[in-house]
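Note sheet for the following structure.
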Amino acid sequence: MIIINNAEKILEVKDLTISFNTYAGKVQAVRGISFDLYKGETLAIVGESGSGKTVSTRSLIGLLASTADIENGSAVYKGMDNDVDLVSLNDKQWNKFRGKEIAMVFQDPFASLNPIKKIGKQISEIFTMQHGLSKAEAKEKTIKLMSDVGITTPEKRFYQYPFQFSGGMRQRIVIAIALASDPKILICDEPTTALDVTIQAQVLALISKLQRERNISTIFITHDLGVVAHVADRIAVMYAGKIVEYGTSHDVFYNPQHPYTWSLMSSMPDMDIEVGEELEAIHGAPPNMMHPPEGDAFAERNPNAIELDYKMHPPMFKVSDTHYAATWLLHPSAPKVERPASLNRRINNSLLRQKSEKNPTS
């Protein structure tokens with residue numbers, strides 16, 4: 024596994040396998056994923072809808088549906104005196120653990136808030152119920168927390184309802200609720216998807232600021248690589264329930280190895296697209312997870328797939344001490360396949376921009 028500057032590990036997930044029992048059959052949502060999270064870092068989990076991002080992280084906070092079955096694996100939390108395997112906790116144990124050690128910010132802030140309860144009440148009840156503070160103490164802490172997340176005139180807004188806030192302000196409220204108990208891990212499940220670009224940037228900056236100030240470890244779930252570029256220390260790319268590429272942000276953005284990562288990056292709108300050049304698209308559809316393929320799940324959509332891709336799933340090949348990818352193209356005997364020229368041009372242009380920003384007079 025990747026070790027980041029000898030940082031202390033706070034979470035260790037190994038071989039996590041999760042399925043759902045449905046009327047049509049068993050859906051294999053997460054298939055043996057492993058990753059680590061270190062104190063103070065941001066790990067981004069990237070992939071298209073249905074790749075298993077949200078399911079894997081909901082298991083870390085005990086919010087899986089009743090039809091879910093954790094078939095195998097462990098998720099060891101190391102933020103307490105004794106290590107705790109999160110997948111073994113029962114409902115009673117989760118009530119003492121959830122929020123205080125690990126908290127979550129959900130995608131839709133309006134759905135996360137009670138529409139008929141004032142905002143101040145929704146935040147302050149955490150302080151009264153979980154921490155035993157008086158109403159006056161809870162109100163004081165709530166107003167301070169609202170100010171910390173960038174809500175102006177919190178003394179007035181304390182008495183307002185969710186519908187009186189904009190989407191960006193509601194997301195700030197949800198972040199405040201998640202931080203009220205000072206968790207050590209914050210899971211952000213696409214927290215900026217419903218926001219416009221300007222507000223999205225503000226919320227991302229807020230999360231980064233609070234993370235640094237509170238030394239929180241963050242797992243950031245998204246399908247938007249543009250968001251990842253601004254927040255992530257490391258990236259795990261997921262496809263069809265598996266992690267297919269894993270590395271530092273620099274590794275994945277400037278030296279991607281898996282064809283799926285190539286396709287994700289090539290399909291992003293970019294200023295470097297030349298006049299008349301068409302935006303790349305990922306053709307086809309993800310596999311049926313009730314009957315996942317034996318080989319590489321991306322093979323059917325991969326124009327560079329080799330025969331072995333259809334027969335056997337590739338192991339994680341080591342690219343460097345911080346970079347791994349599950350593709351047979353990294354096997355010593357595999358044919359040489361170059362990254363798309365358009366993607367190489369994007370990467371080179373991005374590196375040139377970085378160089379010029381560091382040396383503006385050169």
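Residues in the sequence shown are numbered from 24 upward in steps of one, following the working numbering.
Where a beta carbon is used, it is the ideal one built from N, C-alpha and C, also for glycine.
Since the model is a prediction, treat every value here as computed from it, not as a measurement.
Burial state of residue 26 (16 or more Cβ within 10 Å): A caution first: residue 26 carries a pLDDT of 49, below 50, which makes its placement in the model unreliable, though a value can still be read off. Classification of residue 26: exposed, given that the 10 Å Cβ count is below 16.
Quick check for students: name the residue ranges of the beta strand (DSSP E) that lie wholly in the segment 264-342, counting only runs of 3 or more. Within the segment 264-342, the complete beta strand (DSSP E) runs of at least 3 residues are 265-271.
Can you name the start and end residues of the beta strand (DSSP E) that residue 112 belongs to? Element bounds for residue 112: n/a, residue is neither H nor E.
Measure the C-alpha to C-alpha separation of residue 271 and residue 183 and round it to an integer number of angstroms. Rounded to whole angstroms, residue 271 to residue 183 spans 42 Å at the Cα level.
Distance, Cα to Cα, residue 72 vs residue 250? Annotation: residue 72 to residue 250 spans about 16 Å, alpha carbon to alpha carbon.
Closest Cα partner of residue 346 within the set 363, 362, 277 and 293: Among 363, 362, 277 and 293, the Cα nearest to that of residue 346 is on 277.
Bounding residues of the alpha helix (DSSP H) (the contiguous stretch that carries residue 9): Residue 9 is absent from the structure shown; the chain starts at 24 and stops at 385.
Cβ-based neighbour list, residue 147, same chain, cut-off 6 Å, excluding 5 preceding and 5 following: Taken in chain order, the residues that qualify are 161, 162 and 165.
For residue 127, does the three-state DSSP call read helix, strand or coil? Of the three classes helix, strand and coil, the one that applies to residue 127 here is strand, per DSSP.
For residue 218, does the three-state DSSP call read helix, strand or coil? The DSSP-derived three-state label of residue 218 is coil.
So what does residue 34 bridge to, in DSSP terms? Bridge partners of residue 34: 60 and 100.
Return yes when the Cβ of residue 125 is within less than 7 Å of the Cβ of residue 93, no when it is not. No, these two residues do not count as a Cβ contact at 7 Å.
Quick check: what's the CA-CA separation for residue 58 versus residue 159? Spanning the two alpha carbons is a distance of roughly 42 Å.
Between residue 107 and residue 98, is the Cβ-Cβ spacing less than 7 Å? No.
I'd like to check one pair, residue 315 with residue 153: are the Cβ atoms closer than 7 Å? No, the Cβ-Cβ distance between residue 153 and residue 315 is not below 7 Å.
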